[in-house]
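The structure under discussion appears below in the form of structure tokens.
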Amino acid sequence: MEGRKGTKKLQELLEIQRAVQAQWEAERIFELDADTGPEPQEKYMVTFPYPYMNGQLHLGHVFSLSKNEFAIGFERLRGKRALWPFGLHCTGMPIKASADKLAREVELYGYPPQFPAQDEEEEAAAEPAESVDPNAVNKAKGKRSKAAAKSGGASHQWDIMRTMGLTDAQIRLFTSPAHWLRHFPPLCVRDLKSLGVKVDWRRSFITTDANPYYDAFVRWHFFRLRDSGRVKFGKRYTVFSPRDQQPCMDHDRSSGEGVGPQEYTLIKIELAAPTATAAKALSAFDLPKGARVFLVAGTLRPETMYGQTNCWIHPDINYLVVPTASTGDAAAAVEYLVCTRRSARNMLYQGILADSETLESIESPARRRLRGADLIGCPARAPLTPYERVYVLPMMTIKETKGTGVVTSVPSDAPDDFVALQDLRQKAALRDKFGVTMDMLLDPLPIIDIPELGDLAAVTLAKEMKIQSQNDREKLDLVKERVYKLGFYDGVLKVGEFAGSRVQDVKKRVQQQLVDTRQAIVYMEPEKEWYLDYGDPGWKAIARRALEQLNTFSEEVRNNFAATLEWLVEHACSRSFGLGTRLPWDPQYLIESLSDSTVYMAYYTVCHLLHKDLYGMQPGELGVTPDQMTPDVWDYIFCLSDRPPVRDRHPLPPSLEAMERMRAEFSYWYPVDLRTSGKDLVPNHLTYYLYNHCSVWADRPDLWPRAVRANGHVLLNGEKMSKSTGNFLTLEDAIEKFSADGLRLALADAGDGVEDANFVEKMADSSLLRLYQFAEWVKEMAAACAAGQLRSGDWNDFSDPAFAAEIDAIIGQAYDFYAKMLYKEVVKTGVFELMAARDRYMQLCADSGLHSGLIIRYIEVQLVIMSPLCPHISDHLWRNVLNKPSSILRERWPVPSSPELNQTLLDELRYLFDSCHEFRLRADKFLGRQKSKEPVQPTHGAIWVVKSFPAWQAAILDVLKKLQTENGGQLPDNKTIAMRVQSLSELKGKAAKKAMPFVAMVKEQPEKYLSTKKGLVDELRVLRSNADYLRRTLKLESLTIDLADNSPTPLPEEGTPGQPLIFYSAEPSLPVTLINPVPSNGLFSLQSAVFAGDSVAILESRLRRATRGIPADGSLKLSRFVGGAAAARSVPKPVADTVSEFAALPAGAVFQLDAEQRTVFVVDQNGGAKHWASQLAYWLDGKAA
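Residue numbering for the sequence shown follows numbering that gives the first Met the number 0, beginning at 0 and increasing consecutively.
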């Protein structure tokens, strides 16, 4: 971002927010306890997934949690007791792994570490999935950007910590996991308080067994899951960490969150007759005689293997040749697989490889490798394809870190394969480089018929999109996604045993056929562990019930939940490494971070009574100790049992009074009314959140979650956030840069949908400036009202009631947008449009003055509507400028000034400003028609209001209204309209040519031309009521407004009802010198233009506009010199001494111009005597003007 020009306004807003936050803290304004009265006030409880405490909060966190913040502010205005508790997550592997990594770096590189110039980073444990999985549409996908966000691009943990501004001495403390738990949670609380979030910080805590109360709560939760048969033990597939020798869950990873164990089908493509080069390379491996060598290609689409035309391999990758496990079949025992080291390691974990293979043998640097280039050109046998032989060909985009490093090729349905083959066909040099001949490049095979695309879908779309090469990545990705999705859902197989079947119906059957015939291998990573059986049909059914009653605010989010419920089966809930709570019946295992975080919202309701601090070290007001919180106590306070535990054991349960107090808190606040989150948590945490609630409280649907609002990720200035590129913003830095309210307003404006939003720093800067200017204006207006400088009393006929109606309309619109959590629309309507309504009102009242009551009404409404978004400036102005006795955070949503919205006034106001816009456009045209280099500005205007349409337009409108009625409220196509219109007798001559253009105009604004509401806008009255505003804004000296029927000459047909005509002219004028003869008044002579026919009243109005301080109360006196020009040239005397030298001009007198003599005359209103008037005198009843 460019350097900032000044910080005075920012510093003032920061001072305001600090003062306001101190006041909130003193008043404990966000601390709420259960209302236990006979008629308890309605409550509203919101929660947010507790952030992980391995760093400070950044803009991504804040964007998501801002939705909660705005929601709770609105619900307070609705009169609800709105509670937001906030926890801090420390469970899982990342903190422990980072601490261990720091210790290892000190051990290897000393203190402070002296890293070598080039030090390779260790490879990640999880195998990335293919970019498109047609059988798991909407499944969670890992986001690479998060890895960058978490590491900042640094390769060493020590360097990552340095990017946080920590010194080496401070970093050394982080080798202990306990230090992380003490360092980052207080920073999170500090930064969120600086943002002004409405959190009850008494209800905050850290997770893990470091907090003994939370530890007891998690143990209770898992006892309940075990008792209901939800937790099981056995072998299942999971993402595995070789370093820690345990499962690696979503929240344990620095990248790849949301990626489950991906099920590949490994297609065995057998080398048929190795080339001389390949035979020589393979001979070095000492394979048994008769050994069969297979290239194993990982695919997610086994049903497409009927269309294989070749096999891809990377010429520069060094592959392993590994033996498979014996199956008791003599032939199978001597099979060897060609694959990458990474995939061999994963096959080892699955048990695919021979017992002789170990992790050490696979990882050994001395292990012999097979260079990919040595295999290019080899013929091979691929399963299911009709081609007897396919060939091994080069592909440079294959990644060693993805799949097996071998890729099968189906160009009919895989755009990448088709384009890569085209590259080889068209580039002789490329073929020659790798020894590829044209006969190796086989034609695509039509295998799947897709209704929209035919049976060579990839070929068709690649040509349509004009994809030239493998470098057209963006186009290829679009085509790939479309082909895969359409092929899976709509495609029908044309070949093989399952010809005529839909792809989605036979995908698994084709895979099973390949596996059964030993032509393929299912490839994943198994581990024996405790897991949650989310695939249990009964549990899944009740989770679907929970989803049915859940408000998701978006069909896309609901569909994502539903899709997750379809594919979700099991979830590993235990591990041996990291931080957390021990599994109560098997303490060798820890409960992983996605499993201890599904019902902790219930803990929020009572934690403030159990402990006073984040860590559970200081017992709360009830004096309950952690060992007293046994499962039966939790059952009672969480309404799972109506019988309190008997106090006949050691340790004793809490007192009955204490248990009743906690039960009352839970009963009042539960269920959770709203949980907000990023959309990436829908397929994991948020789905588990539903599952676990409807398991623990299976018989209490009234305690299940009520609403989940998921949002997209946030971009920073249109780009992904990344520490490595510098496009990154912590919450602390953002507040210091834009102030809390400037940041909050920009967050609200960033976006609302599930698609990614965009936080723009320029918007945050402009928000800061807008808020500062608004605050200054409020102070100015409040002072003016207090000093009696604004008018009071009855409203005028138009601008006052119209402004009041605009305020009422926006009150209703902003309420609806808040209720739907559409905060960008709240900003647009409740902030920008309401301010624009104020600006329009000020324009209309520039001459008559603002009404003090309406200005105060506007300020109050604006502040209340804005308060959920910008609470600091709103509360500051509310208390310190408007002098309200209590915080704006205790206010209620504003009530409209009228029981029913005055839509007529709003229509009239819109008509006025729409007309004014058209008048300005016509003024531009007037200037454009002048041929001189310096066009003359118009001085006079005449507006003509048209009351009826020309006969031919009226006839067309009648036809259109009838067609609209016949067509269910919609207009039919133009062909139908033309057939009905062309028979109208009114369409003669030029009218016939204008008919359809007129129809087109009507179709653009049917509500304007076809509305059944008649005469709602009295055009003549509206325009005449605002004649001064129109004349002023159009910069005219004179403006007449009349009905078109009164025009002395025929008018063009351009004007219609609702669309008045205006004509401009530039009239000649002469200057009049106006002299103030009152001594010592600080006023001097001035000149004003006078036009022929101007009245004295018009000149007085012109004088008031030119001279401040002249009221429109009749005190202004205009007089001529009785002695004419000669008297005007004499030395002025005090008014009191020369009254006889002046003659007062009646308001109705009219000026005449003598252009030749350049002299102005004034004629009495009754057409009497004519007097010289090139100079006039003015004063205020003898006082200084």
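Note that CB positions come from ideal geometry on N, CA and C, so glycine has one too.
Item	Value
Can Arg1103 and Ile1109 be called in contact, C-beta distance under 8 Å?	yes
Applying the 10 Å Cβ sphere with the 16-neighbour rule, what's the burial state of Arg891?	exposed
Would you check if the distance between the CB atom of Lys1197 and the CB atom of Thr675 is smaller than 8 Å?	Outside the modelled stretch of the chain, which goes from 0 to 1184, sits residue 1197, for which no answer is possible.
Is the beta carbon of Leu383 closer than 8 Å to that of Asn317?	no
Taking DSSP's pairing of strands, which residues face Gln1086 in a bridge?	Thr1072
What residue range is occupied by the uninterrupted alpha helix (DSSP H) comprising Ala1116?	One point to set straight first is that residue 1116 is Lys, not Ala, in the sequence displayed. No alpha helix (DSSP H) holds Lys1116; the beta strand (DSSP E) holding it covers Leu1115 to Phe1120.
Taking all protein chains shown into account, decide if Met762 is buried (16 or more other Cβ within 10 angstroms of its Cβ) or exposed.	buried
Find out if the Cβ-Cβ distance for the pair Ile15, Leu888 is shorter than 8 Å.	no
May I ask you to report which of helix, strand or coil DSSP gives Leu82?	strand
Kindly list the residues whose CB is nearer than 6 Å to the CB of His313, restricted to its own chain and excluding five residues on each side of it in sequence; keep chain order.	Gly371 and Ile397
So for Lys506, helix, strand or coil by DSSP?	helix
So, under 8 Å CB-CB, Val337 and Val405 are touching, yes? Tell me the CB distance rounded to an integer number of Å.	7 Å
Which of helix, strand or coil does DSSP assign to Ala697?	coil
Does the segment 462–469 come close enough to the segment 404–423 that 3 or more CB-CB pairs lie under 8 Å?	yes
Would you mind working out which of Lys1169, Pro1145, Leu1144 and Ala1143 sits nearest Leu1152, comparing C-alpha positions?	Lys1169
Taking the continuous alpha helix (DSSP H) assigned at Ser873, which residues delimit it?	Pro870 to Asn879
For Gln512, count neighbouring Cβ atoms within 10 angstroms of its own Cβ and tell me buried if that reaches 16, exposed if not.	buried
Spell out the partners DSSP gives Tyr530 in its beta bridges.	Lys231 and Ala571
Ordered along the chain, which non-local residues of its own chain (more than five positions away) have a Cβ less than 6 Å from that of Glu68?	Val196
From the DSSP secondary-structure annotation, give me the bridge partner or partners of Gly91.	Leu578
What residue range is occupied by the uninterrupted alpha helix (DSSP H) comprising Cys606?	Met600 to Leu609
Relative to the C-alpha of Trp200, which candidate in Glu106, Leu87, Arg223 and Ala275 has its C-alpha closest?	Leu87
Within a Cβ cutoff of 6 Å, which residues of the same chain sit near Asp1027, ignoring the five residues on either side of it in sequence?	Asp846
Which one of Asn757, Val478 and Leu441 has the shortest CA to CA distance from Ala456?	Val478
Look at the alpha carbon of Asp585 and the alpha carbon of Cys572, and state the distance between them as a whole number of angstroms.	12 Å
Which residues in the same chain as Arg839 place their Cβ atom closer than 6 Å to its Cβ, once the five residues preceding and following it in sequence are excluded?	none
By the DSSP assignment, the beta strand (DSSP E) with His939 in it spans what residues?	His939 to Val944
State the start and end residues of the unbroken alpha helix (DSSP H) segment that holds Val556.	Glu554 to Trp566
My assumption, with CB atoms under 8 Å, is that Leu452 sits in contact with Leu492. Please give the rounded CB distance.	Actually they do not touch by this definition, with Cβ atoms about 15 Å apart.
Would a C-beta distance cut-off of 8 Å place Ile942 and Val860 closer than the cut-off?	no
Sorted by chain position, which residues of the same chain lie with C-beta nearer than 6 Å to Asn210's C-beta, five sequence neighbours on each side aside?	Phe204, Tyr614 and Gly615
If we count Cβ pairs, one from each stretch, closer than 8 Å, do we get three or more for the segment 543–551 versus the segment 693–707?	yes
DSSP state of Ala324, grouped into three classes?	coil
Which class does Val44 belong to by DSSP, given the choice of helix, strand or coil?	In the sequence as presented, Val is not what sits at residue 44; that position holds Met. Looking at Met44 - three-state DSSP - the assignment turns out to be strand.
Are the CB atoms of Thr174 and Val105 nearer to each other than 8 Å?	yes
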